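The structure appears right after this line, and notes come after that.
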Amino acid sequence: MRYLSQFMIAIAVLVFMGQAAPVAVAQVNPTANSVTEDSMFEALTGDENAVAGRVSIPDRSAGNLIKPENKSWAAFQGGTVQTLSIIAVVGMVVLLALFYMIRGRIRVESGFSGRKILRFGAIDRFAHWTMAATFIILALTGLNLIVGSTVVLPIIGEGAFGTLTAFGKLAHNYLAWPFMVALVLVFILWVIDNIPNKLDLEWIKQGGGLLKKGVHPPAKKFNAGQKVIFWSVILGGAGLSFTGVMMLFPGMTATPADWQLYQMIHALIAAGLTAIIVAHIYIGSVGMEGAFDAMGTGEVDENWAKEHHGLWVDEVKAKSGKTSPISTPAE
Amino acid sequence: MARMKFLCDADRCIECNACVTACKNEHEVPWGINRRRVVTLNDGLPGERSVSMACMHCTDAPCAAVCPVDCFYTTDDAVVLHNKDTCIGCGYCSYACPFGAPQYPQTANFGTRGKMDKCTYCSGGPEPDMSQAEYVKYGANRLAEGKLPLCAEMCSTKALLAGDGDIIADIYRERVVTRGYGSGAWGWRTAYGETVTV
Chain A
635 MRYLSQFMIA
645 IAVLVFMGQA
655 APVAVAQVNP
665 TANSVTEDSM
675 FEALTGDENA
685 VAGRVSIPDR
695 SAGNLIKPEN
705 KSWAAFQGGT
715 VQTLSIIAVV
725 GMVVLLALFY
735 MIRGRIRVES
745 GFSGRKILRF
755 GAIDRFAHWT
765 MAATFIILAL
775 TGLNLIVGST
785 VVLPIIGEGA
795 FGTLTAFGKL
805 AHNYLAWPFM
815 VALVLVFILW
825 VIDNIPNKLD
835 LEWIKQGGGL
845 LKKGVHPPAK
855 KFNAGQKVIF
865 WSVILGGAGL
875 SFTGVMMLFP
885 GMTATPADWQ
895 LYQMIHALIA
905 AGLTAIIVAH
915 IYIGSVGMEG
925 AFDAMGTGEV
935 DENWAKEHHG
945 LWVDEVKAKS
955 GKTSPISTPA
965 E
Chain B
8 MARMKFLCDA
18 DRCIECNACV
28 TACKNEHEVP
38 WGINRRRVVT
48 LNDGLPGERS
58 VSMACMHCTD
68 APCAAVCPVD
78 CFYTTDDAVV
88 LHNKDTCIGC
98 GYCSYACPFG
108 APQYPQTANF
118 GTRGKMDKCT
128 YCSGGPEPDM
138 SQAEYVKYGA
148 NRLAEGKLPL
158 CAEMCSTKAL
168 LAGDGDIIAD
178 IYRERVVTRG
188 YGSGAWGWRT
198 AYGETVTV
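As you go down the protein sequences, you meet chains A and B in turn. Per our numbering: the first sequence ends with 965, consecutive numbering throughout. Per our numbering: the second sequence ends with 205, consecutive numbering throughout.
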């Protein structure tokens, strides 16, 4: 009997537990709906790239708890941009050095005539040199932000490099404005003469006369090569200006992801345009005899003009008789 | 040396914000800056959880990767610190950080960013340990005193854990096994490329 009663109790307990157990599980499970990091990561979509919630502090953006996407921008900015910038600038310098060794300085083949033609007036030169001076500082300070920590920092040390870069950042932020003014001015002054036409195809076909001596394809005020420079500067400069202003006022960009995009575009355009301008500086100074005068005094030698801008010389002469813009030096 | 980490047990955090306040008080953090903050997820919904977040002191920290002046350094305890004398306030680290840690006081005209400020894991900066110069720039250096970060030390529910990564992961794992649930080690996958599996 004792055993029987114990057996009955045991059965009763088992039956009771069998019924009660599922009820207990359903009642005490505080995690049924609980958020987990895994589920929140899975819910991330392209537009909302943050695991976000509510914060009780005034800074609403602090509600973004985790933004894993930021790491990909960091990898691009910390690696790819640096590599591309170095390739663009160093690559162009190497190319130009090779070009100089093979072709040498492009001479005025018929020699200097001593007669001068006015090519760029005071306003033209003011616009050009404002843009040139600001661009060079912008390019150097910008490059410093990208490659300075690997190139300049080991040479001058962390303290000096920090000070230098802090001033560089200020220069970059404030000199951007005169650069933009000059960009608009240059566009207005020269766009008429930079509209592409059929002559450019011929110029490109002949390699611009850059590769061989004695080849001088006809060109008006600006040849195809100069037009490429012009449009690179105008379009690149516009791109840099827009993205730059957006970065300068982060509140104007919709999201931090937009800011990252503008930063990437800014860095890539800057690397490309810097390489183009290095080539422009080369051909306007060391690379070609007589070219610097155009932006130096504004007056170029007639023979230089005939070789590189034959049609333009004809235009100038036709427009103003024989004497006016062509001045012979006092003898 | 230990590999220092934070771990916030979201199932314990009651969003009291004491960690935020303690941090601000301990380090005399500048106005408008919160080195630590509490984010409530699914606010008001079933399964709501709060997570206390600060700098996670990442492995291969993205902030250090993008810093143009290379002002970041990692200590022997794997804490990511920075040098405010070198910092130029460019803001790049704030765009690189997955956790929103770097912040900037507005010190000059036009709302210009000042020197970046972030959680130091209560271990100061490059100046001599526990010096006045260090305190003014970075706040207290509790690690040099042999103490852990104050936010975690005073957490009333012991939700926020600080210490060697392996040890706090073990503590968290034990909790999850004991109580039967856990919402994960928030941020670990992003910061260290690993999760605490239970």
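All C-beta atoms in this analysis are idealised placements derived from N, C-alpha and C, irrespective of residue type, glycine included. A quick note: this is a predicted structure, and the numbers were derived from the prediction, not measured.
Do B:Leu-157 and B:Glu-33 have their C-beta atoms within less than 8 angstroms of each other? yes
Between the alpha carbons of B:Glu-160 and A:Val-815, how many angstroms are there, rounded? 57 angstroms
What span of residues does the alpha helix (DSSP H) with B:Ala-61 cover, start to end? No alpha helix (DSSP H) holds B:Ala-61; DSSP gives it neither H nor E.
Compare the C-beta of B:Trp-38 against all C-beta atoms of chain A and say whether one is closer than 8 angstroms. no
What three-state label does DSSP hand A:Ser-866 in the structure shown? helix
Is there at least one Cβ from chain A nearer than 8 angstroms to B:Pro-69's Cβ? yes
Proximity winner among A:Leu-699, A:Thr-714, A:Leu-902 and A:Thr-768, relative to B:Ala-108 (alpha-carbon distances): A:Leu-699
Have a look at B:Ala-68 and B:Pro-53 and give me their C-alpha separation to the nearest angstrom. 35 angstroms
Go to A:Gly-918, then tell me how far its beta strand (DSSP E) extends in each direction, as first and last residue. That residue, A:Gly-918, is in no beta strand (DSSP E); its alpha helix (DSSP H) goes 890–918.
Chain-ordered residues of the stretch 775–792 of chain A with a beta carbon less than 8 angstroms from chain B: Asn-778, Leu-779, Ile-780, Gly-782, Ser-783, Leu-787 and Glu-792
Within 8 angstroms of any Cβ in chain A, is that where the Cβ of B:Phe-79 sits? no
Just the Cα atoms here: how many angstroms apart are A:Thr-889 and A:Met-880? 11 angstroms
Range covered by the alpha helix (DSSP H) that runs through A:Gly-813: Per the sequence shown, the amino acid found at residue 813 of chain A is Phe instead of Gly. Element bounds for A:Phe-813: 792–824.
CA-CA distance, A:Val-920 and A:Ala-767? 18 angstroms
According to DSSP, is B:Val-113 part of a helix, a strand, or is it coil? In the sequence under discussion, the amino acid at residue 113 of chain B is Gln, which differs from the Val named in the question. Strand.
Quick one: which unbroken beta strand (DSSP E) runs of 3-plus residues sit fully inside the stretch 165–193 of chain B? Chain order, please. 167–171
Are A:Gly-697 and B:Val-46 touching if we call contact CB-CB under 8 angstroms? yes
Rounded to whole angstroms, what's the CA-CA distance from B:Leu-168 to B:Cys-15? Just pull it up for me. 6 angstroms
I believe A:Gln-630 touches A:Gln-716 by the beta-carbon criterion, under 8 angstroms. Please report the beta-carbon distance rounded to the nearest angstrom. Residue 630 of chain A lies beyond the range of chain A shown here (635 to 965); nothing can be said about it.
Assuming B:Gly-121 and B:Pro-112 make a contact with CB atoms under 8 angstroms, what is their CB distance in whole Å? 4 angstroms
Cβ pair B:Ile-21, B:Thr-164 closer than 8 angstroms: yes
Which runs of the alpha helix (DSSP H) spanning at least 4 residues fall entirely within the stretch 704–756 of chain A, listed in chain order? 704–709 and 715–737
Can you tell me which of B:Cys-97, B:Ala-176, B:Lys-12 and B:Asp-124 puts its alpha carbon nearest to the alpha carbon of B:Gln-110? B:Asp-124
A:His-900 versus A:Lys-855: straight-line alpha-carbon distance, rounded: 31 angstroms
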